[in-house]
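K.L.:
1 is the number of the first residue of the sequence shown in full-length UniProt numbering; add one for each residue after it.
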Amino acid sequence: MRILVLNGSPRPKGNTKQMVDAFREGAESVGHKVDVVDVCRKKIAGCLACEYCHTKGNGACVQKDDMQEVYSLLGEADMLVIASPIYYHGVSGQLKCTLDRFYSAAYPRKPRNLKKVAMILSSGDPAMYDGAMFSYKGDFLEYLGLEDMGVFTAYGMENGSASKLKELRDFGKNLK
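Shown next as structure tokens:
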């Protein structure tokens, strides 16, 4: 399976990145191809709501930035994993810009190969996930109709724990 992970953490060695790395290790150990895009290291502007993609662009965004790499990988992916620390009950701003730009590639139809989605979230408090979950359910499960492969959260002392990283490694190993 081809998996695209969008890592929305600005910290190169932070809690979210540790969970992404554990997931990737597990998935690759059983033969899955995993592409991780650290969106905070990319130049990805927010959606302009110009509608170019749905008119003259025939699905292509008018903006030519690092999102082109994401579009290419998204077109090949069977599964999408959205990973982020929680900021104000939602995903990081950098990841939100990336997800908003799916408008040209995923609306009104999802990419041909894309069938599954999962989410990995890190926070300091267990009651912080509502905004991220609202988007996950509404945009990815309901609107695009992707199969829910699970939401994995870590808060407080769970972040970076051996048991949490094992959970993510096992998740990657057990994907079908």
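For every residue, glycine included, the Cβ atom is placed at its ideal position computed from N, Cα and C.
#1: If I follow the unbroken beta strand (DSSP E) through Glu-147, where does it start and stop?
#2: Along the chain, where does the beta strand (DSSP E) that runs through Arg-109 open and close?
#3: Compare the Cα-Cα distances from Lys-43 to each of His-32, Pro-111, Ser-161, Val-70 and report the closest residue.
#4: Taking Cβ to Cβ, would you say Leu-165 is nearer than 8 Å to Gln-18?
#5: So does the region 4 to 23 actually touch the region 32 to 40, counting three or more Cβ pairs closer than 8 Å?
#6: What residues in its chain sit with their C-beta under 7 Å from that of Met-1, if we drop five residues either side in the sequence?
#7: So for Lys-166, helix, strand or coil by DSSP?
#8: Is DSSP giving Asp-130 helix, strand or coil here?
#9: Below 6 Å CB to CB, which residues in the same chain sit around Gly-150 once its five sequence neighbours on both sides are set aside?
#10: In terms of DSSP beta bridges, what is Gly-90 paired with?
#11: Any idea what DSSP makes of Asp-100, helix, strand or coil?
#12: Could you pull out every residue in the same chain whose Cβ sits closer than 8 Å to the Cβ of Gly-14, ignoring the five residues on either side in sequence?
P.N.:
So, from the listed chains and residues:
#1: 147 to 155
#2: Unbroken run through Arg-109: none, as it is neither H nor E.
#3: If we check each option's Cα against that of Lys-43, Val-70 comes out closest.
#4: yes
#5: yes
#6: Taken in chain order, the residues that qualify are His-32, Asp-78, Met-79, Leu-175.
#7: helix
#8: helix
#9: So the qualifying residues of the chain are Ala-118.
#10: Partner(s): Tyr-87.
#11: helix
#12: Non-local C-beta neighbours of Gly-14 in its own chain, meaning closer than 8 Å and more than five positions away in sequence, comprise Pro-85, Ser-122, ordered along the chain.
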